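Chemist: First the structure, then my questions, so here it is.
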Amino acid sequence: GCNPLAETGRSKLQNQRAVLNQQILRAVRMRAGAENLLRATTNNKVREQVLLELSFVNSDLQILKEELEGLNISVEVYQNAEETFSIPLVPLGLKETKDVDFTVPLKDFIQEHYSQDSSEYEDEIADLMDLRQACRTPSRDEAGIEMLISYFLQLGYVENRFFPPTRHIGVLFTWYDSFTGVPVCQQNLLLEKASVLFNIGALYTQIGTRCNRQTQAGLENAVEAFQKAAGVLSYLKETFTHTPSYDMSPAMLNVLVRMLLAQAQECVFEQMGLAGIRNEFFTLVKMTQEVAKVGEVYMLVNTAMNQEPVKENIPYSWSKLAQIKSDHYKALAHYFIATILCDHELQPGDDEDEQEKALSQLYDCLPEGLLVLAVLKDKVQRKQLGKAHLHQAIVHHEEALRVCGLCKKLRNIEVLQEVLTAAHKRSLLKYAQQETEDDFLSLSQAPEILSKTEHKIEAIAPQFSKVKVKDFFHKLGPLAVFSAKQRWTAPRTICLHQGAGQLGFSLKGGAPVQVYCLDPLCSAASAGLKEGDYIVSVGGVDCKWLSVNEVLEKLRSEEKQPLELEVISCQDTAASLHSKSATYSMGMQKTYSLICLAMDEDKMDQTKKAPLKLPFLSWGTKNRQKAASTLCLPSAVAGSSQMKKKLSPFTLLNTESSLY
């Protein structure tokens, strides 16, 4: 990863985000404590004092949330360093997390579950922790993406190796919400996997905004980056369906995917006009439809951002920027079609049919009494309709400038103001050129423009298989056999005395090999060998990864001396599953939660009859109808969800995580 102490613009923003997260956490705890006291006390003076304190804490939380929103709209830092005259694109900030120490839990699990010397795996555990630490500050390029994907795939191995479905092993993961700064703490590895996926998508958006939009290659890379970001977030939405963090809720992810695809569509339009837009009839028709498409998708993004429950948590400046872009690109569409009507009169050598066909594609219907061919031939009608479009373009430009002026964060983005002002002046100038002293034409309402694009923008699904990773804990044995959901006896030593070259049993399977057709009267059976045992060592040499032929060869090579085998037997396990995880509820859009699920399994078993009181700590917008505004997210009932079989970490990629 990058140097976390580097004084770059992006690292400064991430450091500010981390500080804000800690301040929000403290304020959340103060609010929860005050609300608990409010519920517990009956003293009126104490209640008044607590209510006053709550009002201060609520104000503090609102200020912190606005500061976090300011970081989310600090788009200039992420743009390309070259001088540009383009509207900035919005990147996603990386989710922050706390350090996690895997050492003790994993070593204990290796010792207890796999009956191996855990000190032999210290380097592997250190590699896992180093990789996680590096993923907190990934470089803003393909190498950073590859590192995050490597960690995500490595988590698939770790989950199958060390996270049994029946209990937690004591590793607590903490991730902060990207928009609210509220932490979510769980012992569920799926929180870690989902957060890493979110950061992969966020890093793609930062790569896209960093591309040089003044070159063809830069715009192509930006389009691809936003499509890949949308693909990762779509995959996150479909795979992790019950996320406890608002930034990863299905509704929020749906809006983010729309926004990223809209930015990709915007880059496609810029790509088409990079070399300049020729003032030619058919070229302008094509550009009109393309830019109308950009305005349309941003209008849909703005509508989605203003729907519940997203409206409460999406940065206000993001929704306003989407509205500004919608008006701006709609204005450009009206300007282009006005240029067609005002600058391109039908000449004797022009193809009337082709122009009529092209122009009719721009309208669903014309104002009453107007026909496309008549407009093309009649100079007065052309001028009248052209001025109507110019008037509509000016209206949209003025609306974009008005909204930009009302938003404090957007007002300070100079390049945005420059682009909007220049486009507005251009439309005003064009309109003034059409004005004459004897012009008494009444302006009709400009008809709606039909959008169309030749470049369909779709999300690109993540290709995790392109990144090759090796299981850090490869020495434990084949994952299909040596996993957390399988329970084994401790290794038993069998002294094998081969008589007349006969073993007294056969071997089958891949790695590791399994004993079958055991002769109950042979020396191996007398020494304790059982049908179905797995051979893990021959003569002190590990053979978990050896095939049948390789194990037989090793047995034959040492047939002249007494041979020691180490074998293990599989134990039957009951798959009783305690699903302790927070569930995001669409009806609780105003609730922010600090979820700590560090629970002692033994205590749970001892207190099954008594109702379990979970140590949830939550905060939310105060409900005026209730005395307390703390809402607790429910935990899933034990055994209510079933885990599908996972033979490898990659089957997790397509498994619906009902625990999360």
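By the count of the UniProt record's numbering, the sequence shown reaches residue 660 at its end, each step adding exactly one. Glycine included, each C-beta is placed from N, C-alpha and C at the ideal position. All of these numbers come straight from a predicted model, not from anything done at the bench.
Nearest-angstrom Cα distance between Asn15 and Leu92?
Modeler: 15 Å
Chemist: So for Ala32, helix, strand or coil by DSSP?
Modeler: helix
Chemist: Give the single residue among Ser569, Lys383, Asp327, Leu546 whose Cα lies nearest to the Cα of Leu420.
Modeler: Asp327
Chemist: Which whole-angstrom value describes the C-beta separation of Arg140 and Gln206, a residue pair presumed to lie in contact below a C-beta threshold of 8 Å?
Modeler: Your pair Arg140 and Gln206 checks out as a contact, with CB atoms roughly 5 Å apart and the cut at 8 Å.
Chemist: According to the neighbour-count rule (16 or more other Cβ atoms, all chains shown, within 10 Å of its Cβ), is His497 buried or exposed?
Modeler: When all chains shown are included, His497 counts as exposed.
Chemist: If you drop the 5 nearest sequence neighbours on each side, which residues of the same chain put their C-beta closer than 8 Å to that of Arg47?
Modeler: These residues qualify, in order along the chain: Leu38, Thr41.
Chemist: Can you check which of these residues, Phe56, Ser86, Leu52, Ser118, is closest to Lys475 by C-alpha distance?
Modeler: Ser118
Chemist: Could you give the DSSP three-state label for Cys185: helix, strand or coil?
Modeler: strand
Chemist: State the Cα-Cα distance for the pair Phe473 and Gly231, rounded to the nearest angstrom.
Modeler: 30 Å
Chemist: Which full runs of the alpha helix (DSSP H) of 4+ residues lie inside the stretch 92-144, going along the chain?
Modeler: 103-113, 122-134
Chemist: Please confirm whether Val548 and Leu507 have their CB atoms less than 9 Å apart.
Modeler: yes
Chemist: Is it buried or exposed, Phe440, if we count other Cβ atoms within 10 angstroms and call 16 or more buried?
Modeler: Unreliable positioning characterises Phe440 in this predicted model, as indicated by a pLDDT of 49, which lies under 50. The coordinate reading is nonetheless provided below. Around the Cβ of Phe440, a 10 Å sphere holds fewer than 16 other Cβ atoms; the residue is exposed.
Chemist: What are the partner residues of Trp175, as DSSP defines its beta bridges?
Modeler: Assignment of beta-bridge partners to Trp175 by DSSP yields Thr97, Val184.
Chemist: By the three-class DSSP mapping on this structure, what secondary structure does Arg210 have?
Modeler: helix
Chemist: Quick check on this structure: which residue in Gln116, Leu155, Tyr121 has the alpha carbon closest to the alpha carbon of Arg132?
Modeler: Leu155
Chemist: For the putative contact between Cys342 and Gln417, defined by C-beta atoms under 8 Å, what is the C-beta separation to the nearest angstrom?
Modeler: Between Gln417 and Cys342 the Cβ distance is about 28 Å, and since that is not below 8 Å, they are no contact.
Chemist: Below 8 Å CB to CB, which residues in the same chain sit around Lys554 once its five sequence neighbours on both sides are set aside?
Modeler: Val538, Gly539, Val541, Cys543, Leu546
Chemist: In whole angstroms, what is the alpha-carbon distance linking Gln384 and Ala331?
Modeler: C-alpha separation (whole angstroms): 18 Å.
Chemist: By DSSP, does Ile337 sit in helix, in strand, or in coil?
Modeler: helix
Chemist: Taking the alpha carbon of Val467 as the point to measure from, which residue in Ser150, Ser451, Asp247, Val285 has its own alpha carbon closest?
Modeler: When each option's Cα is compared against that of Val467, the closest is Ser150.
Chemist: Does the structure place the stretch 268-282 close enough to the stretch 300-320 that three or more beta carbon pairs sit under 8 Å?
Modeler: no
Chemist: As a quick exercise: from Leu54, Ala262, Ala400, pick the residue whose alpha carbon is nearest that of Ala459.
Modeler: Nearest C-alpha to Ala459: Ala262.
Chemist: Hey, how far is the Cα of Lys95 from the Cα of Asp533?
Modeler: 46 Å
Chemist: Please list, in chain order, all residues of the same chain as Ser245 whose beta carbon is under 6 Å from its beta carbon, the five residues on each side excluded.
Modeler: Asp177, Val184
Chemist: Does the distance from the CB of Ile340 to the CB of Leu371 come in under 9 Å?
Modeler: no
Chemist: Pairing CB atoms from the stretch 444-458 with CB atoms from the stretch 407-416, are three or more of them under 8 Å?
Modeler: The stretch 444-458 vs the stretch 407-416: no contact.
Chemist: Which partner residues of Ile314 appear in the DSSP bridge assignment?
Modeler: Paired residue(s): none; Ile314 is not in a bridge.
Chemist: Just the C-alpha distance for Lys379 and Asn313, rounded to the nearest angstrom, thanks.
Modeler: 52 Å
Chemist: Out of Thr103, Leu219, Ser569, Phe505, state which residue places its alpha-carbon closest to the alpha-carbon of Ser86.
Modeler: Leu219
Chemist: Near Ala225, which residues of its chain fall below 8 Å by C-beta distance, leaving aside the five closest residues on each side in sequence?
Modeler: The answer, listed in chain order, is Tyr204, Thr205, Ile207, Gly208, Cys211.
Chemist: I'd like the list of long-range same chain contacts for Phe163, defined as Cβ closer than 7 Å, with 5 residues on each side in sequence excluded.
Modeler: Within the same chain, Cβ atoms closer than 7 Å to the Cβ of Phe163 are found at Ile169, Leu189, Ala484, the five residues on either side in sequence being excluded.
Chemist: Within a Cβ cutoff of 6 Å, which residues of the same chain sit near Ala338, ignoring the five residues on either side of it in sequence?
Modeler: Within the same chain, Ala338 has close Cβ partners Gly386, His389, Leu390.
Chemist: Measure the Cβ-Cβ separation of Gly201 and Leu153 and say whether it is below 9 Å.
Modeler: With respect to Leu153, Gly201 sits apart: the two C-beta atoms are not nearer than 9 Å.
Chemist: When the Cα atoms are used, what is the spatial distance from Leu20 to Ser249?
Modeler: 22 Å
Chemist: From the DSSP output, in three-state form, read off Ile413 for me.
Modeler: coil
Chemist: Since Ser537 sits in a beta bridge, which residues does DSSP pair it with?
Modeler: Asp542, Glu566
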